[in-house]
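Participant: Numbering (our numbering), first residue to last: 3 to 272.
One structure coming up, written as C-alpha coordinates, with questions to follow.
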Amino acid sequence: MTDASAPQASPHPELATLHLSDLWAALGAGWRDFRRAPGFGLIFSAVYVLGGLFLLLISGGFVGSTLILALGFPILAPFAAVGLYETSWRIEEDRPLDPYQIFGSIWKEKDRQIPWVGAIIVVYFLFYSFLAHMIFALFMGLSVMTNISSSYEAFLTTNGLTMIAVELGVGGVLAFILFGLTAFSLPLLLEKEIDFMTAMLLSFREVQENLLVMLVWAGIIAAMILLAMVPFFLGLFVALPVLGHATWHLYRRAMIHPAAQVPGVSPGAA
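In C-alpha coordinates:
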(Lines of atoms letter the chains of each structure in order from A and count residues from 1; the text may use other names and numbers.)
(Lines give C-alpha, C1' and ligand atoms only; values in the text may rest on other atoms or scores of the structure.)
Protein backbone atom coordinates (compact mmCIF):
# COMPACT_ATOMS: atom_id res chain seq x y z
CA MET A 1 0.00 0.00 0.00
CA THR A 2 1.38 3.38 -0.98
CA ASP A 3 1.88 5.97 1.74
CA ALA A 4 -0.22 8.91 0.59
CA SER A 5 1.56 11.22 3.01
CA ALA A 6 5.00 10.53 1.50
CA PRO A 7 6.32 13.53 -0.45
CA GLN A 8 6.53 13.17 -4.21
CA ALA A 9 10.06 12.91 -5.58
CA SER A 10 11.27 16.02 -7.39
CA PRO A 11 12.43 15.76 -11.02
CA HIS A 12 16.17 15.97 -11.56
CA PRO A 13 17.49 19.44 -12.34
CA GLU A 14 19.37 20.31 -15.51
CA LEU A 15 23.07 21.01 -15.04
CA ALA A 16 24.10 24.46 -16.25
CA THR A 17 27.44 25.74 -17.51
CA LEU A 18 29.17 27.99 -15.02
CA HIS A 19 31.54 30.88 -15.71
CA LEU A 20 34.00 32.74 -13.51
CA SER A 21 31.61 35.67 -13.51
CA ASP A 22 29.08 33.45 -11.70
CA LEU A 23 31.52 33.08 -8.81
CA TRP A 24 31.89 36.82 -8.32
CA ALA A 25 28.13 37.31 -8.65
CA ALA A 26 27.49 34.59 -6.05
CA LEU A 27 30.03 36.10 -3.65
CA GLY A 28 28.43 39.51 -4.05
CA ALA A 29 24.98 38.07 -3.37
CA GLY A 30 26.38 36.17 -0.39
CA TRP A 31 27.80 39.36 1.09
CA ARG A 32 24.45 41.13 0.60
CA ASP A 33 22.59 38.30 2.34
CA PHE A 34 25.03 38.41 5.24
CA ARG A 35 24.51 42.15 5.61
CA ARG A 36 20.74 41.61 5.39
CA ALA A 37 20.70 38.98 8.17
CA PRO A 38 24.03 39.09 10.05
CA GLY A 39 22.56 37.61 13.22
CA PHE A 40 21.84 34.25 11.63
CA GLY A 41 25.31 34.15 10.08
CA LEU A 42 26.94 34.79 13.43
CA ILE A 43 24.81 32.16 15.17
CA PHE A 44 25.41 29.41 12.60
CA SER A 45 29.14 30.11 12.38
CA ALA A 46 29.57 30.36 16.17
CA VAL A 47 29.12 26.61 16.58
CA TYR A 48 32.06 25.91 14.30
CA VAL A 49 34.25 28.75 15.56
CA LEU A 50 33.84 27.59 19.15
CA GLY A 51 34.22 23.98 18.05
CA GLY A 52 37.44 24.82 16.22
CA LEU A 53 38.85 26.57 19.28
CA PHE A 54 37.93 23.60 21.44
CA LEU A 55 39.61 21.12 19.07
CA LEU A 56 42.70 23.31 18.94
CA LEU A 57 42.86 23.39 22.74
CA ILE A 58 42.54 19.62 23.13
CA SER A 59 45.20 19.06 20.44
CA GLY A 60 47.69 20.38 23.00
CA GLY A 61 49.61 22.39 20.43
CA PHE A 62 50.89 19.31 18.60
CA VAL A 63 51.79 20.11 15.00
CA GLY A 64 50.43 16.84 13.68
CA SER A 65 47.05 17.38 15.30
CA THR A 66 47.00 21.05 14.34
CA LEU A 67 47.73 20.20 10.69
CA ILE A 68 44.97 17.59 10.66
CA LEU A 69 42.50 20.10 12.10
CA ALA A 70 43.58 22.85 9.68
CA LEU A 71 43.00 20.59 6.68
CA GLY A 72 39.98 18.77 8.09
CA PHE A 73 38.01 21.83 9.18
CA PRO A 74 37.13 22.89 5.59
CA ILE A 75 35.82 19.35 4.97
CA LEU A 76 33.09 20.00 7.54
CA ALA A 77 32.29 23.52 6.30
CA PRO A 78 29.58 22.58 3.73
CA PHE A 79 27.39 20.98 6.38
CA ALA A 80 27.80 24.08 8.56
CA ALA A 81 25.97 26.19 6.01
CA VAL A 82 22.55 24.48 5.88
CA GLY A 83 21.00 27.17 8.06
CA LEU A 84 22.52 29.84 5.83
CA TYR A 85 20.98 28.22 2.74
CA GLU A 86 17.58 28.40 4.42
CA THR A 87 18.15 32.07 5.25
CA SER A 88 19.18 32.92 1.67
CA TRP A 89 16.20 31.00 0.31
CA ARG A 90 13.85 33.05 2.47
CA ILE A 91 15.51 36.32 1.43
CA GLU A 92 15.24 35.24 -2.22
CA GLU A 93 11.51 34.54 -1.91
CA ASP A 94 10.89 37.56 0.33
CA ARG A 95 9.67 35.34 3.16
CA PRO A 96 9.97 36.50 6.78
CA LEU A 97 13.26 35.84 8.54
CA ASP A 98 11.53 34.51 11.60
CA PRO A 99 14.00 32.71 13.91
CA TYR A 100 11.40 30.15 15.03
CA GLN A 101 10.57 29.25 11.43
CA ILE A 102 14.21 29.09 10.33
CA PHE A 103 15.40 26.97 13.23
CA GLY A 104 12.23 24.90 12.99
CA SER A 105 12.93 24.23 9.32
CA ILE A 106 16.47 23.14 10.10
CA TRP A 107 15.27 20.87 12.91
CA LYS A 108 12.79 19.15 10.60
CA GLU A 109 15.66 18.29 8.23
CA LYS A 110 16.57 15.50 10.65
CA ASP A 111 13.76 13.43 9.10
CA ARG A 112 14.91 14.03 5.52
CA GLN A 113 18.10 13.29 3.57
CA ILE A 114 20.62 15.86 4.83
CA PRO A 115 21.63 13.84 7.95
CA TRP A 116 22.82 11.05 5.64
CA VAL A 117 25.17 13.48 3.94
CA GLY A 118 26.34 14.59 7.37
CA ALA A 119 27.06 10.96 8.29
CA ILE A 120 29.12 10.49 5.13
CA ILE A 121 31.08 13.66 5.89
CA VAL A 122 31.84 12.43 9.42
CA VAL A 123 33.03 9.02 8.18
CA TYR A 124 35.07 10.71 5.47
CA PHE A 125 36.70 13.02 8.01
CA LEU A 126 37.48 10.12 10.37
CA PHE A 127 39.10 8.22 7.49
CA TYR A 128 41.15 11.28 6.59
CA SER A 129 42.20 11.77 10.23
CA PHE A 130 43.36 8.14 10.44
CA LEU A 131 45.23 8.46 7.13
CA ALA A 132 46.90 11.70 8.25
CA HIS A 133 48.16 10.02 11.43
CA MET A 134 49.47 7.12 9.34
CA ILE A 135 51.38 9.53 7.09
CA PHE A 136 52.82 11.26 10.16
CA ALA A 137 54.01 7.93 11.58
CA LEU A 138 55.55 6.85 8.26
CA PHE A 139 57.69 9.97 7.96
CA MET A 140 58.29 10.93 11.59
CA GLY A 141 58.61 7.48 13.14
CA LEU A 142 56.87 6.11 16.20
CA SER A 143 57.65 9.09 18.41
CA VAL A 144 54.84 11.05 20.03
CA MET A 145 53.54 13.84 17.81
CA THR A 146 55.90 16.79 18.14
CA ASN A 147 54.86 19.93 19.99
CA ILE A 148 55.03 23.00 17.78
CA SER A 149 56.17 25.24 20.63
CA SER A 150 59.22 23.14 21.57
CA SER A 151 60.28 20.92 18.66
CA TYR A 152 59.23 22.66 15.46
CA GLU A 153 62.72 22.10 14.02
CA ALA A 154 61.79 18.43 13.48
CA PHE A 155 59.43 19.59 10.74
CA LEU A 156 62.21 21.45 8.94
CA THR A 157 64.08 18.21 8.28
CA THR A 158 63.78 16.38 4.96
CA ASN A 159 61.33 13.89 6.46
CA GLY A 160 59.35 16.66 8.13
CA LEU A 161 59.00 18.77 5.00
CA THR A 162 58.14 15.69 2.92
CA MET A 163 55.51 14.69 5.46
CA ILE A 164 53.93 18.15 5.33
CA ALA A 165 53.91 18.07 1.51
CA VAL A 166 52.26 14.63 1.46
CA GLU A 167 49.73 15.70 4.10
CA LEU A 168 48.84 18.75 2.02
CA GLY A 169 48.60 16.74 -1.20
CA VAL A 170 46.50 13.89 0.21
CA GLY A 171 44.35 16.26 2.23
CA GLY A 172 43.78 18.47 -0.80
CA VAL A 173 42.71 15.58 -3.03
CA LEU A 174 40.36 14.09 -0.43
CA ALA A 175 38.91 17.49 0.40
CA PHE A 176 38.23 18.22 -3.28
CA ILE A 177 36.48 14.87 -3.80
CA LEU A 178 34.20 15.59 -0.87
CA PHE A 179 33.80 19.15 -2.09
CA GLY A 180 32.53 17.79 -5.41
CA LEU A 181 30.01 15.55 -3.67
CA THR A 182 28.69 18.26 -1.36
CA ALA A 183 29.14 21.50 -3.33
CA PHE A 184 25.53 21.54 -4.50
CA SER A 185 23.95 18.46 -2.89
CA LEU A 186 23.09 20.14 0.42
CA PRO A 187 21.17 23.10 -1.05
CA LEU A 188 19.52 20.69 -3.51
CA LEU A 189 18.39 18.42 -0.66
CA LEU A 190 17.12 21.40 1.30
CA GLU A 191 14.96 22.63 -1.56
CA LYS A 192 13.82 19.44 -3.30
CA GLU A 193 12.62 15.94 -2.47
CA ILE A 194 15.49 13.82 -3.78
CA ASP A 195 17.61 11.03 -2.30
CA PHE A 196 21.04 11.93 -0.96
CA MET A 197 22.99 9.62 -3.30
CA THR A 198 21.39 11.15 -6.39
CA ALA A 199 21.99 14.65 -5.03
CA MET A 200 25.66 13.93 -4.36
CA LEU A 201 26.18 12.37 -7.80
CA LEU A 202 24.48 15.33 -9.50
CA SER A 203 26.70 17.67 -7.52
CA PHE A 204 29.82 15.75 -8.54
CA ARG A 205 28.75 15.78 -12.20
CA GLU A 206 28.22 19.53 -12.10
CA VAL A 207 31.69 20.00 -10.62
CA GLN A 208 33.19 17.67 -13.25
CA GLU A 209 31.52 19.51 -16.12
CA ASN A 210 32.69 22.88 -14.80
CA LEU A 211 36.04 21.71 -13.46
CA LEU A 212 38.10 24.87 -14.01
CA VAL A 213 35.47 27.19 -12.54
CA MET A 214 34.86 24.87 -9.59
CA LEU A 215 38.61 24.54 -8.93
CA VAL A 216 38.72 28.31 -8.67
CA TRP A 217 35.69 28.19 -6.36
CA ALA A 218 37.35 25.53 -4.19
CA GLY A 219 40.46 27.69 -4.04
CA ILE A 220 38.42 30.70 -2.97
CA ILE A 221 36.71 28.66 -0.23
CA ALA A 222 40.00 27.18 1.01
CA ALA A 223 41.78 30.54 0.99
CA MET A 224 38.97 32.36 2.78
CA ILE A 225 38.56 29.68 5.44
CA LEU A 226 42.26 29.15 6.09
CA LEU A 227 42.90 32.89 6.32
CA ALA A 228 39.87 33.30 8.57
CA MET A 229 41.21 30.56 10.88
CA VAL A 230 44.48 32.40 11.54
CA PRO A 231 43.21 34.86 14.18
CA PHE A 232 41.93 32.13 16.55
CA PHE A 233 39.19 31.14 14.08
CA LEU A 234 37.49 34.51 14.61
CA GLY A 235 37.48 35.36 10.90
CA LEU A 236 35.12 32.43 10.37
CA PHE A 237 32.35 34.57 11.87
CA VAL A 238 32.36 36.42 8.53
CA ALA A 239 33.88 33.90 6.09
CA LEU A 240 31.49 31.01 6.77
CA PRO A 241 28.26 33.04 6.50
CA VAL A 242 29.36 34.79 3.29
CA LEU A 243 30.47 31.50 1.72
CA GLY A 244 27.29 29.75 2.86
CA HIS A 245 25.03 32.39 1.34
CA ALA A 246 27.21 32.52 -1.79
CA THR A 247 26.96 28.74 -2.22
CA TRP A 248 23.17 28.99 -2.30
CA HIS A 249 23.33 31.60 -5.07
CA LEU A 250 25.90 29.57 -7.02
CA TYR A 251 23.63 26.52 -6.69
CA ARG A 252 20.82 28.58 -8.22
CA ARG A 253 23.06 29.23 -11.24
CA ALA A 254 24.37 25.66 -11.43
CA MET A 255 21.14 23.66 -11.31
CA ILE A 256 18.10 24.61 -13.37
CA HIS A 257 14.81 23.11 -12.23
CA PRO A 258 11.91 22.37 -14.61
CA ALA A 259 10.01 25.55 -15.42
CA ALA A 260 6.68 23.80 -14.95
CA GLN A 261 7.44 23.28 -11.29
CA VAL A 262 5.96 26.01 -9.15
CA PRO A 263 8.47 27.24 -6.55
CA GLY A 264 7.31 25.88 -3.22
CA VAL A 265 7.78 26.72 0.38
CA SER A 266 10.72 25.30 2.31
CA PRO A 267 9.94 21.68 3.29
CA GLY A 268 10.43 22.62 6.91
CA ALA A 269 8.82 26.04 6.75
CA ALA A 270 6.06 26.83 9.15
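We put the beta carbon where it would ideally sit given N, CA and C, even for glycine.
Give the straight-line distance between the Cα atoms of V172 and M216, rounded to the nearest whole angstrom.
Facilitator: Those two C-alpha atoms are separated by around 19 Å.
Participant: What residue ranges within the segment 77-121 form continuous beta strand (DSSP E) runs of no fewer than 3 residues, ordered along the chain?
Facilitator: Entirely contained in the segment 77-121, not one beta strand (DSSP E) run reaches 3 residues.
Participant: Report, in whole angstroms, the separation of the C-beta atoms of M202 and V124, which I expect to be a contact under 8 Å.
Facilitator: Not a contact, Cβ separation roughly 15 Å.
Participant: Specify the secondary structure class of E16 as computed by DSSP and reduced to three states.
Facilitator: Here E16 sits in strand by DSSP.
Participant: Under the DSSP definition of a beta bridge, which residues are partnered with M257?
Facilitator: The partner list for M257 (beta bridge, DSSP) reads L17.
Participant: Could you say if the segment 131-142 and the segment 185-201 meet the contact criterion of at least three C-beta pairs nearer than 8 Å?
Facilitator: Counting Cβ pairs under 8 Å, fewer than three are found: no touch.
Participant: Report the CB separation of I161 from T19 in whole angstroms; it is logged as a contact under 8 Å.
Facilitator: The question names Ile, yet the displayed sequence has Asn at residue 161. Incorrect: roughly 45 Å between the Cβ atoms, too far for contact.
Participant: Taking the C-alpha atoms as reference points, what is the distance between P101 and A225?
Facilitator: One C-alpha to the other measures close to 31 Å.
Participant: Can you list the alpha helix (DSSP H) stretches of 4 or more residues lying completely in the segment 167-208, in chain order?
Facilitator: DSSP runs (the alpha helix (DSSP H)) wholly in the segment 167-208: 187-193.
Participant: Smallest Cα separation from W26: which of F234, I222, A241?
Facilitator: It is I222 whose Cα lies nearest to the Cα of W26.
Participant: Buried or exposed for M3, please, with buried defined as at least 16 other CB atoms from any protein chain shown within 10 angstroms of its CB.
Facilitator: Because M3 carries a pLDDT of 42, less than 50, the predicted location of this residue cannot be relied on, and the following value inherits that uncertainty. With fewer than 16 Cβ atoms within 10 Å of its Cβ, M3 is classed as exposed.
Participant: Leaving out five residues on either side along the sequence, give the residues of the same chain with a beta carbon under 8 Å from the beta carbon of L163.
Facilitator: Contacts found: F157.
Participant: At a cut of 8 Å, does the segment 80-100 reach the segment 244-253 through at least three beta carbon pairs?
Facilitator: Judged by Cβ distances under 8 Å, the segment 80-100 makes contact with the segment 244-253, as three or more pairs qualify.
Participant: Here's the rule I'm using: 16 or more other beta-carbon atoms within 10 Å means buried, otherwise exposed. How should G43 be labelled?
Facilitator: Answer is buried; the Cβ neighbour count reaches 16.
Participant: Can you tell me the Cβ-Cβ gap for D24 and R207, rounded? I've got them flagged as a contact below 8 Å.
Facilitator: At roughly 17 Å, the Cβ-Cβ gap does not stay under 8 Å, so D24 and R207 are not in contact.
Participant: In whole angstroms, give me the CA-to-CA distance for M231 and I116.
Facilitator: Each residue's alpha carbon lies about 26 Å from the other.
Participant: Can you tell me the Cβ-Cβ gap for V209 and A185, rounded? I've got them flagged as a contact below 8 Å.
Facilitator: The pair is a contact, with the Cβ atoms about 6 Å apart (cut-off 8 Å).
Participant: Mapping DSSP to helix, strand and coil, what is A39?
Facilitator: A39: coil per DSSP, three-state reduction.
Participant: Considering Cα atoms alone, identify which of L188, L214, I93 is closest to D35.
Facilitator: It is I93.
Participant: Between Y126, L190, P40, L140, which lies nearest to E169 when the distance is taken from Cα to Cα?
Facilitator: Out of Y126, L190, P40, L140, L140 has the C-alpha closest to the C-alpha of E169.
Participant: Please classify W91 as buried or exposed, where buried requires at least 16 other C-beta atoms within 10 Å of its C-beta.
Facilitator: That one is buried.
Participant: Per DSSP, what kind of secondary structure is V2 in: helix, strand or coil?
Facilitator: Absent from the structure is residue 2, since the part of the chain shown begins at 3 and ends at 272.
Participant: Which residue comes first and which comes last in the alpha helix (DSSP H) that contains G221?
Facilitator: Unbroken alpha helix (DSSP H) run through G221: 213-231.
Participant: Classify L204 as buried or exposed, calling it buried when 16 or more other Cβ atoms lie within 10 Å of its own Cβ.
Facilitator: Flag for L204 reads buried.
Participant: Considering Cα atoms alone, identify which of L22, S12, A11, E16 is closest to I258.
Facilitator: Of L22, S12, A11, E16, the residue nearest in Cα terms is E16.
Participant: Check G237 in the structure and name its three-state DSSP category.
Facilitator: The answer is coil: DSSP assigns G237 none of H, G, I, E or B.
Participant: Under the assumption that V244 contacts W33 (Cβ atoms under 8 Å), give the Cβ distance between them as a whole number of angstroms.
Facilitator: Contact holds; Cβ gap of about 6 Å.
Participant: How about R97 and L191: do their beta carbons lie closer than 9 Å?
Facilitator: Contact flag unset, no.
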